[in-house]
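S.K.: These protein sequences, in sequence, are chains D and H. Here the working numbering is used: the first residue of the first sequence is 1, the next is one more, and so on. Here the working numbering is used: the first residue of the second sequence is 1001, the next is one more, and so on.
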Amino acid sequence: MVKTLKEINEKISDGSVHVIAADEMPHVVAELGLEAAAKEVDVVTTGTFGAMCSSGAWMNFGHSDPPIKMSKAWLNDVEAYAGVAAVDAYIGATQLSETRGLEYGGAHVIEDLVAGKEIELKAVGFATDCYPRRSIETSITINDLNQAIMLNPRNAYQKYAAATNSSDRAMYTYMGTLLPKFGNATYSASGVLSPIYNDPDYETIGLGTRIFLCGAEGYIIGNGTQHDPVNSSGTLMVRGDLRAMSTEYLRAATFHKYGTSLYVGIGVPIPILNERLAEKTAVSDSEIMTDVLDYGVARRSRPMIRKVSYEELKSGIIEINGKEVRTSSMSSYFKAREIADELAQRIKSGTFQLTAPAMRIPLNVTPKPMRQIAKVPLTRDVMTPGIIIKEALSIQQAAKIIVEKQVNHLPVVSDDEKLIGIVTAYDISKAVARSKGDGLNDIMTKRVITASPDEPIDLAARRLERHNISALPVVDGANKVIGIVTSEDLSKLLACR
Amino acid sequence: MKVTTLKIILKFPQKIMQNPLLAEVVLETGVLINIDRAFVDPAIAEIVIDVPDDKKEKVVDAFRQRGVDVRELDTPLFFDEAECVQCGACVSVCPVEVFKLNDDRTISIDLKRCILCRTCLTMCPQRALKVAEV
């Protein structure tokens, strides 16, 4: 032990404390060596400012007259959970407005509250002897609330996988717009400034650690949900007084075609109690590795394209399959650094004392996937053999098959059985009406949207909807047609669920 | 000497969409036009072109004579500094590198390069980028 927390707090009180931001620590350790750095530096401040969907706030509205027991409540048409007592409610960052859709959600309500704006409150409840009122509509500001407490179940991810997209269409995700065919890659978390990466064994971070939370003083109240320290993806649960927060460090965000989230600013001070902590806080971006995942595959386990360091991600370009791919950060390193500096300033000025954790955060846990008791139906379970035709057929012959077999879609294959097109009853009507086209090759759709036999039907259904079509030939790895799945097959199945 | 260029947006009314107007103007004026962005479907044809500053008048006149709606793109994109949190989400989606991440992790913006593709508008989580609808 080089020094105790009590000694550090005394230095904070008398103004002699030495505080630096985490991205300076690698240089200090390189220059002074571990032993001297551990003696010299008292506190290393960390920071992060990014989209943290698992965030929200508890509010107590005070009692109306006559009183109401709210069972459902809405703030600016965004539903808040009111199933706790009479006038308590929790507004979650990703809950969407029932009138404004994806552009306004719980995160915006929280930002508007912090900005001091008027918020429209609506609530309903069933009448009881003690709470006779059935509904209420009023307008409130944050100052009208008895309590407004930010309580975020999962914040400050230690690191986060970067995202890219191998598919041939742009994808709109919570990692932003991912351009087709590896057109770009996006990442999040602050790397060298990441709170948990600077204390990965949770020696000083635990329940009761005082932190900077969106401009206010906040606390870590345990590990976050989905906490995954085993895979260097730990998370924190935090709380703080919303009324002491500033929109400088808290912002509502909208992700296109995804919804809302809250940019949360967190700064965690790491007291340098020993050489071990000096060594850990000297971590640099080149040592922090994360996975680049392919969001082109819409499954729980997305394929990993490669591993990458935060240093490479922050350089603006990474290499994927020999191609230079531009990167974007979704979280703000600039703001993260501002937060680490602001926290350092508060410590130096003597207004922010450090606390020892009252309980350690678990180190040996990892999250489980959801238990699903019903088998997820795959395309192969619902597909029908379909009627497959050869390219050499005439339009007339194809028309005859459609009528005789009572189908609407005919996948067209080459002589070696590979899919080369699809003809629908409509294509044939059109060709006849316009007396156009000599053979199938002239009238068939050549860029065929297909399904694979081992994908869940939900993916096939989403593809039908997105392309506004009604059938997908099912092809194997060699582009050979093994069946067809139609919107009728899917709706029959979904109706049974 | 580097020739400075100017961005111009062309809107083609439906009745003249089928004519090879762009090719006609290039042949007539002899000005080398660069196409930045083109959006054409059965109802709308909108093309953003880059023309050398000193040949602007000639090109604009030639398009107007053919009934094309011509407008200069002076400040195409509006940037709301108060909303920006300097995350840099915009950097990787812009096809013409309007946005640059500086060494101090702030973002600098060169609006003159913008071709109005609008990709950054929906990428920006803070909705700090807007386009004036015309």
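Virtual Cβ for every residue (Gly too), placed ideally from N, Cα, C. Predicted, not measured: the structure shown is a model, and the values here were computed from it.
May I have the straight-line CA-CA distance separating Gly240(D) from Leu193(D), to the nearest angstrom?
M.R.: The straight-line gap from Cα to Cα measures roughly 21 Å.
S.K.: For Thr424(D), return the contacting residues in chain H, with the cut-off set at a CB-CB distance below 8 Å.
M.R.: Ordered by position in chain H, no residue passes the 8 Å Cβ test against Thr424(D), which lies about 20 Å from the chain.
S.K.: Does the beta carbon of Ser1108(H) come closer than 8 Å to any beta carbon on chain D?
M.R.: Ser1108(H) does not count as touching chain D.
S.K.: Can you name the residues of chain D whose CB is closer than 8 Å to the CB of Pro1125(H)?
M.R.: By Cβ distance, chain D contributes Ala51, Gly176, Ala253, Thr254, Phe255, Ser261, Tyr263 and Met330.
S.K.: Buried or exposed: where does Thr260(D) fall if 16 or more other Cβ atoms within 10 Å of its Cβ makes it buried?
M.R.: Thr260(D) is buried by the Cβ-count criterion.
S.K.: Using a beta-carbon distance below 8 Å, is Ile20(D) in contact with chain H?
M.R.: Chain H contact via Cβ: absent.
S.K.: Apart from the five residues on each side of it in sequence, which residues of its chain come closer than 6 Å, Cβ to Cβ, to Val475(D)?
M.R.: Hits under 6 Å: Leu419, Thr450 and Val481.
S.K.: Contact criterion: CB-CB distance below 8 Å. Does Val1134(H) meet it with respect to chain D?
M.R.: With a pLDDT of 48 at Val1134(H), under the threshold of 50, the predicted position of this residue should be treated as unreliable, and no value is reported.
S.K.: Could you tell me which of Gly101(D), Ile305(D), Asp285(D) and Tyr81(D) sits nearest to Ala185(D), measuring between CA atoms?
M.R.: It is Ile305(D) whose Cα lies nearest to the Cα of Ala185(D).
S.K.: Give a yes or no on whether the C-beta atoms belonging to Pro411(D) and Ile422(D) are separated by under 8 Å.
M.R.: In contact: Pro411(D) and Ile422(D) (Cβ atoms closer than 8 Å).
S.K.: At the 8 Å Cβ level, is Gly83(D) part of the contact set with chain H, yes or no?
M.R.: Chain H, which has no Cβ nearer than 8 Å to the Cβ of Gly83(D), makes this no.
S.K.: Classify Ile1035(H) as buried or exposed, calling it buried when 16 or more other Cβ atoms lie within 10 Å of its own Cβ.
M.R.: Classification for Ile1035(H): exposed.
S.K.: Check the Cβ-Cβ distances between Thr290(D) and every residue of chain H, and say whether any is below 8 Å.
M.R.: No - not a single Cβ of chain H is within 8 Å of the one on Thr290(D).
S.K.: Where do the ends of the beta strand (DSSP E) carrying Thr400(D) lie?
M.R.: Note on identity: in this sequence residue 400(D) is Lys, with Thr being the wrong assignment. Where Lys400(D) is concerned, there is no enclosing beta strand (DSSP E), although the alpha helix (DSSP H) it sits in stretches over Ile395 to Lys405.
S.K.: Could you run through the segment 88–108 of chain D and flag, in chain order, every residue whose CB is less than 7 Å away from some CB of chain H?
M.R.: Cβ contacts with chain H come from no residue of the segment 88–108 of chain D.
S.K.: Looking at Val114(D): is its Cβ nearer than 8 Å to the Cβ of Ser246(D)?
M.R.: Yes; because the gap between Cβ atoms is below 8 Å, this pair is in contact.
S.K.: Can you list the residues of chain H that Phe334(D) reaches, using a CB-CB cut of under 7 Å?
M.R.: Under the 7 Å cutoff, chain H gives Gln1086, Arg1105 and Thr1106.
S.K.: Measuring CA to CA, which of Thr99(D), Ser97(D) and Ile68(D) is closest to Val84(D)?
M.R.: Taking only the C-alpha atoms, the option nearest Val84(D) is Ile68(D).
S.K.: Please list the partners that Thr186(D) has in chain H, where partner means a Cβ-to-Cβ separation under 8 Å.
M.R.: Chain H residues near Thr186(D): Ala1089 and Ser1092.
S.K.: Starting from Ala475(D), trace the beta strand (DSSP E) in both directions and tell me its first and last residue.
M.R.: The sequence shown places Val at residue 475(D), not Ala. Taken as a continuous stretch (DSSP letters only), the beta strand (DSSP E) holding Val475(D) covers Ala471 to Val475.
S.K.: Can you give me the C-alpha to C-alpha distance between Glu312(D) and Ser286(D), rounded to a whole angstrom?
M.R.: Going from the Cα of Glu312(D) to the Cα of Ser286(D) covers about 8 Å.
S.K.: Pick helix, strand or coil for Ala38(D), following the three-state DSSP scheme.
M.R.: Helix, per DSSP.
S.K.: Met1001(H): buried (16+ other C-beta within 10 angstroms of its C-beta) or exposed?
M.R.: Caution applies to Met1001(H), whose pLDDT of 46 falls short of 50 and renders its modelled position unreliable; the value that the coordinates give is listed next. Counting Cβ neighbours within 10 Å, Met1001(H) comes out exposed, since fewer than 16 surround it.
S.K.: Pull up the CB-CB distance for Ile12(D) and Val41(D), whole angstroms please, since I reckon it's below 8 Å.
M.R.: Contact flag wrong, Cβ pair sits at about 14 Å.
S.K.: Is it the case that the Cβ atoms of Arg1105(H) and Ile1009(H) are separated by a distance below 8 Å?
M.R.: In this structure, Ile1009(H) does not lie closer than 8 Å to Arg1105(H) by Cβ.
S.K.: Since I believe Thr1005(H) is in contact with Asp1050(H) (beta carbons under 8 Å), could you give me their beta-carbon distance rounded to a whole number of angstroms?
M.R.: The pair is a contact, with the Cβ atoms about 5 Å apart (cut-off 8 Å).
S.K.: Please give the ranges of any alpha helix (DSSP H) in the segment 336–402 of chain D, keeping only runs that are unbroken, at least 4 residues long and fully inside the region.
M.R.: Within the segment 336–402 of chain D, the complete alpha helix (DSSP H) runs of at least 4 residues are 379–382.
S.K.: Looking at Ile339(D) and Val43(D), is the spacing between their C-beta atoms short of 8 Å?
M.R.: Not closer than 8 Å, so no.
S.K.: In angstroms with no decimal places, state the Cα-to-Cα distance between Ser167(D) and Gly183(D).
M.R.: Spanning the two alpha carbons is a distance of roughly 10 Å.
S.K.: Alpha carbon to alpha carbon, what distance is there between Asp23(D) and Lys307(D)?
M.R.: Straight-line Cα distance between these residues: approximately 22 Å.
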